[in-house]
Structure formats: structure tokens, C-alpha cells
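One structure is given here, and the rest of the page talks about it.
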Amino acid sequence: DAKTTQPTSMDCAEGRAANLPCNHSTISGNEYVYWYRQIHSQGPQYIIHGLKNNETNEMASLIITEDRKSSTLILPHATLRDTAVYYCIVRPGSNYKLTFGKGTLLTVNP
Amino acid sequence: NAGVTQTPKFQVLKTGQSMTLQCAQDMNHNSMYWYRQDPGMGLRLIYYSASEGTTDKGEVPNGYNVSRLNKREFSLRLESAAPSQTSVYFCASSEIRDSYGYTFGSGTRLTVV
Numbered sequence: 383d384a385k386t387t388q389p390t391s392m393d394c395a396e397g398r399a400a401n402l403p404c405n406h407s408t409i410s411g412n413e414y415v416y417w418y419r420q421i422h423s424q425g426p427q428y429i430i431h432g433l434k435n436n437e438t439n440e441m442a443s444l445i446i447t448e449d450r451k452s453s454t455l456i457l458p459h460a461t462l463r464d465t466a467v468y469y470c471i472v473r474p475g476s477n478y479k480l481t482f483g484k485g486t487l488l489t490v491n492p
Numbered sequence: 274n275a276g277v278t279q280t281p282k283f284q285v286l287k288t289g290q291s292m293t294l295q296c297a298q299d300m301n302h303n304s305m306y307w308y309r310q311d312p313g314m315g316l317r318l319i320y321y322s323a324s325e326g327t328t329d330k331g332e333v334p335n336g337y338n339v340s341r342l343n344k345r346e347f348s349l350r351l352e353s354a355a356p357s358q359t360s361v362y363f364c365a366s367s368e369i370r371d372s373y374g375y376t377f378g379s380g381t382r383l384t385v386v
């Protein structure tokens, strides 16, 4: 599976958009980009995933660059409850295993 | 729906004791997984079961055994617990071709003294 690079930590003001970057320069054509988050002491929670096109759901938006070497997870209006570790993961659609890195600790400040 | 249920939520073991962590899912998923998470670390895959009747080693299988009892249940056994196995253990399930990713349980916090 392709390796990802994320910043160790980020801060965001409550109510503002949080933009979390992820670099996956070695991504293959059949690999999807997945985002999960883990709120303190809880199990990870699926957020969103995509292959080539930008995706949006009720939680977030995923912007994937045209060359697919990087992506950005956008939380449009961050709240204090969005404080969590966010994991960016790439894997083939046919591969069911997820490999977690250390992720980005997003702290939303009042 | 309960999703993925793990028992127990907390456990303290003495070195050398054995125990089984239980996991059950009610989403009719084919695949199930066991991860461990140490402080400040990401999750590491211990074992997984792609489908009922199959199990495979993940990244850190040493010291553990698993049983896929049926489609719903996937247990993790520590035969002789060691302090290095102090961790939070998460069970997860998914479809083989999932659109919504994994569903995780709430975790079992294990301390080995």
C-alpha cells in the first residue's frame, strides 16, 4: 500500500473550516484515499473516501489533486467535538486491510 | 443496531495469565479485524479474517491467537500475557468490497502487570 505523510498536529478556530492535508505521492491507480478519525479513547470512525473525483458527505469534503499525489480533508465548520486524530490511508479497492499511520491531531479551539 | 461489540471493556491480568477478548458484529460483514493501539501510536493490525473460516496474520501477531467462530464473532486470545501486551485492543468489521469503510468497536483496555 502507498505510504502517506500528514502533519503531526494542526489547530483550527471553532466555526472555521479545517483543512487537513495528506501527501500520497506513490499512490497507484487502483488505490483509494480513505479518511478516518479517532476521538480520544474511542474506536476510529470512517469519514469519507475517494478514488479520483472530489467527494462530499454530511461530515466532510475530500479534495484529491488531479495527479492524485495529495488530498485535503475539509471540515467546513469545525466544532470542539471535531478535536481528534485524523488518519489518511490509501489502499487498493480490492484489498480489505487498512494500515494506520500516526495521523494528524486536530485541535479545535474556542 | 449495535454495530461492533467488544467485551470486556477493561481488564487487568497478571503476567502469564490467559484471556480471550470477544468481538461480535451484527452488520453481516464478511471481514473482521483485531488491532492494538499503544499510547501515542497508530493502530497496528494483529490478525484479520477476510471471510468466515479464514484467518491471517497481520503486522504484530506474536503472542496472540484468533478464532473466527462464525460470521458474527471473532475472538482474540492471549495464551500467556506479558506486560508488552498492555494496550487498547480494537475489533473492526467490513465488507470485502466496502463502500463505507470499517466499523470499529469501542475497544478493550488491557493492562498486564
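The listed protein sequences derive, respectively, from chains U and Y.
Counting from 383, one number per residue, gives the positions in the first sequence under my numbering.
Counting from 274, one number per residue, gives the positions in the second sequence under my numbering.
Ideal placement from N, C-alpha and C gives every residue a C-beta, glycine not left out.
Being a predicted model, the structure only gives us computed values, none of them experimental.
Could you confirm whether any beta carbon from chain U is found closer than 8 Å to the beta carbon of residue i?
i, result
"Y/Leu-316", "yes"
"Y/Ser-322", "no"
"Y/Tyr-337", "no"
"Y/Phe-363", "yes"
"Y/Gly-380", "yes"
"Y/Gly-374", "yes"
"Y/Phe-377", "yes"
Give the secondary structure of residue i by DSSP, where H, G and I count as helix, E and B as strand, and everything else as coil.
i, result
"U/Gln-427", "strand"
"Y/Gln-290", "coil"
"U/Arg-463", "helix"
"Y/Pro-356", "helix"
"U/Gly-432", "strand"
"U/Thr-387", "strand"
"U/Glu-396", "coil"
"U/Asn-439", "coil"
"U/Thr-408", "coil"
"U/Arg-450", "coil"
"Y/Thr-368", "Before going on, a small fix: residue 368 of chain Y reads as Glu here, not Thr. Reduced to three states, the DSSP call for Y/Glu-368 is coil."
"Y/Ser-379", "coil"
Is it buried or exposed for residue i, if we count other Cβ within 10 angstroms and need 16 for buried?
i, result
"U/Ala-494", "Nothing about residue 494 of chain U can be read from this structure; chain U reaches only from 383 to 492."
"Y/Asp-299", "exposed"
"Y/Ser-291", "exposed"
"U/Glu-413", "buried"
"Y/Val-277", "buried"
"Y/Gly-374", "buried"
"U/His-406", "buried"
"U/Ile-421", "exposed"
"U/Ala-395", "exposed"
"U/Leu-444", "buried"
"Y/Gly-289", "exposed"
"U/Ala-460", "buried"
"Y/Gly-378", "buried"
If we cut at 8 Å on Cβ distances, does residue i have a partner in chain Y?
i, result
"U/His-431", "yes"
"U/Pro-474", "no"
"U/Gly-411", "no"
"U/Leu-402", "no"
"U/Leu-480", "yes"
"U/Pro-537", "With chain U covering only 383 through 492, there is no way to say anything about residue 537 of chain U."
"U/Thr-492", "Reading the sequence as shown, one finds Pro at residue 492 of chain U and not Thr. Chain Y, which has no Cβ nearer than 8 Å to the Cβ of U/Pro-492, makes this no."
"U/Gln-424", "yes"
Whole angstroms is fine: what's the gap from residue i's alpha carbon to residue j's?
i, j, result
"U/Pro-458", "Y/Gln-284", "39 Å"
"U/Pro-389", "U/Thr-481", "17 Å"
"U/Ala-400", "U/Lys-479", "28 Å"
"Y/Thr-376", "U/Tyr-428", "7 Å"
"U/Ser-453", "U/Thr-486", "14 Å"
"U/Val-467", "U/Gly-432", "20 Å"
"U/Asp-449", "U/Ser-391", "25 Å"
"U/Glu-437", "U/Tyr-469", "17 Å"
"Y/Gly-380", "Y/Arg-350", "15 Å"
"U/Arg-463", "Y/Arg-317", "25 Å"
"Y/Val-333", "Y/Tyr-320", "8 Å"
"Y/Thr-280", "Y/Asn-338", "17 Å"
"Y/Phe-347", "U/Asn-491", "39 Å"
"Y/Ser-322", "U/Ile-456", "33 Å"
"U/Thr-408", "U/Ile-471", "12 Å"
"Y/Cys-296", "Y/Cys-364", "6 Å"
Could you give the uninterrupted runs of the beta strand (DSSP E) lying entirely in the stretch 324-349 of chain Y, keeping only those of 3 residues or more? Whole beta strand (DSSP E) segments, 3+ residues: 337-341.
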